[in-house]
Each structure stands twice: as C-alpha cells, then as structure tokens.
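Beneath this line is the structure, given in structure tokens, with notes to follow.
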Amino acid sequence: MAESAPGRDSPKPPEATGAHPVVLITGGARRIGAAITRDLHAAGLDVVVHCRRSLAEATALTDELNARRPDSARPLQADLLDPQALESLAAQAREFRGRLDGLINNASTFYPTPVGEITMAHWDDLMGSNVRAPLFLTQACAPALRASGGGVVNIVDIHALRPLSGYPVYSAAKAGLWALTQSLARELGPEVRVNGVAPGAILSPEDPANFGTHEAMVERTALKRAGDPADIARTVRFLLLEAPYITGQVIPVDGGRSASQ
Ligand SMILES: NC(=O)c1ccc[n+]([C@@H]2O[C@H](COP(=O)([O-])OP(=O)(O)OC[C@H]3O[C@@H](n4cnc5c(N)ncnc54)[C@H](OP(=O)(O)O)[C@@H]3O)[C@@H](O)[C@H]2O)c1
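Sequential numbering from 90 applies to the sequence shown in this note's numbering.
This is the structure:
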C-alpha cells in the first residue's frame, strides 16, 4: 500500500484500509485460476480476471462476483504470447481501480514434447506462456506494484525441479519460472514481494495428450490423493496477503509427492 513502509506490509483486506486491493489473475476464468479468483475475491480483493479463449467463463465468473459485490470484478482478454497485449493488460488492470496490488501468473500451456519431435513452435508456446509472459507481465505491472507495496505469486510446478518424463520443454519452462521467482524477488524488493506455489497433482489435464500423468503422480503422493484447487488458492492467498516477510520462495503443494523418489 502506498502509505506503508516499502516491503513491510502485504496488501491489506478492505476492513483494514477502507479500500479494496486489486489483483490480476492470468488464466483466472477456469480450473485452478478460477479457484484463486474466487478465494481472493472472498478475501475482499477486487479481481481482474484475465482469459484468452474462455471469455464466456470469465464473464460468467465476474458477473457472479459483481452480483456479490458491485463493480468488484472485471474480465480482460489477451493472448499472453503477444508482447503488446501484455503491456495493454497491465495498463487496463491498473485502470480498473487506479491501483494494482497483486499479480498471479497462473496461465500456462502443458503438453508432451518428446525429443525428436520438438518444434520451435512448441518452444515458443511453452516458454512463452510459462516463463516469458510472467516475466514481461511482471515488468509491465512493476510500477503499479511498487506504488502499492504489492506482491506477485507465480504458479510453478513441482516438475520444475524434477522434470516430468516426456515433457522437457514444459519442465524447463517451469524451472525458468522458479528461477525467475527468486530473481525477481531480489530485483523488485524491497517494495514488491515475489513468491510461487508449485502444485503437484491437483486437476486432471483436459488435453488427452496428457492423460495418465495425473493418475501416475497421485499414486506417488504421501497422502494418496489428488489435491484440490482450493489447496492452491489458499496458499496463494497466504503468500499474497499474510506473509510480509516471505519473498523469493516457492511452496510445493503436492501431498508429499516431492518428499519421495
Ligand atoms: N492442474 C494441475 O494439477 C497442475 C499441476 C501442476 C502445475 N499446475 C499449474 O497450475 C496452473 C493452473 O493449472 P490448470 O491446470 O488450471 O491450467 P490450465 O487449465 O491448463 O490453463 C490455465 C489457463 O491458461 C490460459 N492460457 C494458456 N495459454 C495462454 C496464452 N497464450 N495466453 C493467455 N492465456 C493462456 C488458458 O486460458 P483460456 O482458457 O482463457 O484460453 C487456460 O484456461 C498452471 O500454471 C499449471 O502449470 C497445474
């Protein structure tokens, strides 16, 4: 918040400040992104719900949230592979309320890229959505986040540290995002904290190319079950709102999968 000492405070819920902090959630219309959107809105934040193809879902979600609290949610459509769209998305998110307190880099593409079949288009798409867009969107949002003393939470993946077999480009992209989380925490401090959440097996992928990965990972968790999008959402909320002395960290939320071979 502008009135706070840089880096000392996280965005405060409205009862503490009289104003609603604003957060931009990429890919926030569906699945894990929608759980994050709902959770942060319920915590009192106003939400900018980014989408690419899922405009109908984004509009339905923001209509629902606006019915609960008028003018508290806005959908914005942008292809994160388009560098100009990133600038425009950051500007429009700021314009919604004249402030920006949080950025959740959640949007992602995920599919196998067996060696021998990898194309430059795969590289550009997987690197573009998972690491390039989070970098340039964070850069575009940084002035507003610095002004508010806000925070960034990147949605990474436990396969950043333990590559998923058959997914070398995706795994490398998430490894880049993990490193970027640490690096940007240094670059944007003391005003802005940058953290990450690394999900394990939460939701089954929708693309048939990925079928089997989820079930195999659930089997290898300590808790012997998949997680819930709410598990990711509450960890994002903790890092954004309740962790003023945590920055540069990535928290695995994986039912103990990464604690074993
Ligand atoms: N599902 C899991 O169990 C799991 C496990 C580990 C890590 N994760 C991570 O958690 C996050 C959420 O997972 P998820 O399964 O809910 O994600 P998802 O459904 O695979 O994708 C989330 C959204 O990303 C958006 N997106 C993809 N490419 C984009 C682009 N070029 N421009 C703009 N938006 C783009 C899509 O938005 P539109 O629909 O609007 O096009 C999509 O709905 C991701 O970062 C993922 O890597 C998930």
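The C-beta atom is built at its ideal place from N, Cα and C for all residues, glycine as well.
Please read all numbers here as calculations on a predicted model, not as lab measurements.
> To which residues of the same chain is Lys263 closer than 7 Å at the C-beta, ignoring the five residues directly before and after it?
Replying inline: Taken in chain order, the residues that qualify are Asn219, Val245, Asp246, His248 and Ala249.
>> Considering only heavy atoms of ligand 1 and the C-beta of each residue, which residues fall inside 6 Å, strictly closer?
In response: Listed along the chain, these residues meet the criterion: Gly116, Ala118, Arg119, Arg120, Ile121, Gly122, Cys140, Arg141, Arg142, Ser143, Asp168, Leu169, Leu170, Asn195, Ala196, Ser197, Thr198, Phe199, Ser218, Ile244, Asp246, Pro288, Ala290, Ile291 and Leu292.
>> Give me the residue from Thr115, Gly289 and Leu154 with the minimum Cα distance to Leu226.
In response: Of the residues Thr115, Gly289 and Leu154, the one whose Cα lies closest to the Cα of Leu226 is Thr115.
> With C-beta atoms as the reference, is Asp135 less than 8 Å away from His109?
Replying inline: Yes, they are a contact pair.
>> Tell me the DSSP secondary structure of Ile247 in three-state form.
In response: In the three-state reduction of the DSSP assignment, Ile247 falls in the helix class.
> What is the DSSP secondary structure of Leu189, counted as helix, strand or coil?
Replying inline: For Leu189, the three-state secondary structure derived from DSSP is coil.
> With distances taken from CA atoms, which of Ala319, Thr151, Leu170 and Cys230 is nearest Glu184?
Replying inline: The candidate whose alpha carbon is nearest that of Glu184 is Cys230.
>> So, with DSSP's three-state summary, where would you put Gly278?
In response: Three-state result, Gly278: coil.
> I think His139 touches Ala179, with their Cβ atoms under 8 Å apart; what is that distance to the nearest whole Å?
Replying inline: No, His139 and Ala179 are not in contact; Cβ-Cβ is about 10 Å, not under 8 Å.
> Taking C-alpha atoms, which residue in Ser237, Leu234, Ser293 and Leu215 lies nearest to Tyr259?
Replying inline: Comparing Cα positions, the closest option is Leu215.
>> According to DSSP, is Asn195 part of a helix, a strand, or is it coil?
In response: Coil at Asn195, not helix or strand.
>> Threshold first: 4 residues or longer. Then list the alpha helix (DSSP H) segments lying entirely within the region 222 to 268, N to C.
In response: Entirely contained in the region 222 to 268, the alpha helix (DSSP H) runs reaching 4 residues are, in chain order, 222 to 237.
>> Quick check: what's the CA-CA separation for Val137 versus Ser177?
In response: Between Val137 and Ser177, the C-alpha separation is close to 13 Å.
> How is Gln356 classed by DSSP in three states: helix, strand or coil?
Replying inline: A query on residue 356 cannot be resolved here, the shown segment of the chain reaching from 90 to 350 and no further.
>> Rounded to whole angstroms, what is the Cα-Cα separation between Pro95 and Val281?
In response: For Pro95, the predicted model reports a pLDDT of 45, less than 50, meaning its position is unreliable; a value from the coordinates is still stated below. Taking the straight line from one Cα to the other gives about 8 Å.
>> Considering only their Cβ atoms, is the gap separating Gly316 from Val342 smaller than 8 Å?
In response: Yes, these two residues count as a Cβ contact at 8 Å.
> The alpha helix (DSSP H) spanning His211 covers which residue range?
Replying inline: Segment Met209 to Met216, the alpha helix (DSSP H) holding His211.
> Is it buried or exposed for Pro241, if we count other Cβ within 10 angstroms and need 16 for buried?
Replying inline: Reading off the sequence, residue 241 comes out as Val, not Pro. Answer is buried; the Cβ neighbour count reaches 16.
> For Gln350, does the three-state DSSP call read helix, strand or coil?
Replying inline: DSSP places Gln350 in the coil class of the three-state scheme, outside both helix and strand.
> Which word fits Met306, buried or exposed, when buried means at least 16 other C-beta atoms lie within 10 angstroms of its C-beta?
Replying inline: Buried, because 16 or more other Cβ atoms sit within 10 Å of the Cβ of Met306.
>> Tell me the rounded alpha-carbon separation between Met209 and Leu150.
In response: Near 35 Å, if we compare the C-alpha coordinates of Leu150 and Met209.
> First and last residue of the beta strand (DSSP E) that includes Leu165?
Replying inline: It spans Ala162 to Gln166 - the beta strand (DSSP E) in which Leu165 sits, taken as one unbroken run.
> Start and end of the alpha helix (DSSP H) containing Ile291?
Replying inline: Run containing Ile291: none; DSSP gives neither H nor E here.
> So which of Glu331, Ser293 and Leu330 has the shortest CA-CA distance to Tyr200?
Replying inline: Checking every option, the nearest Cα to that of Tyr200 belongs to Ser293.
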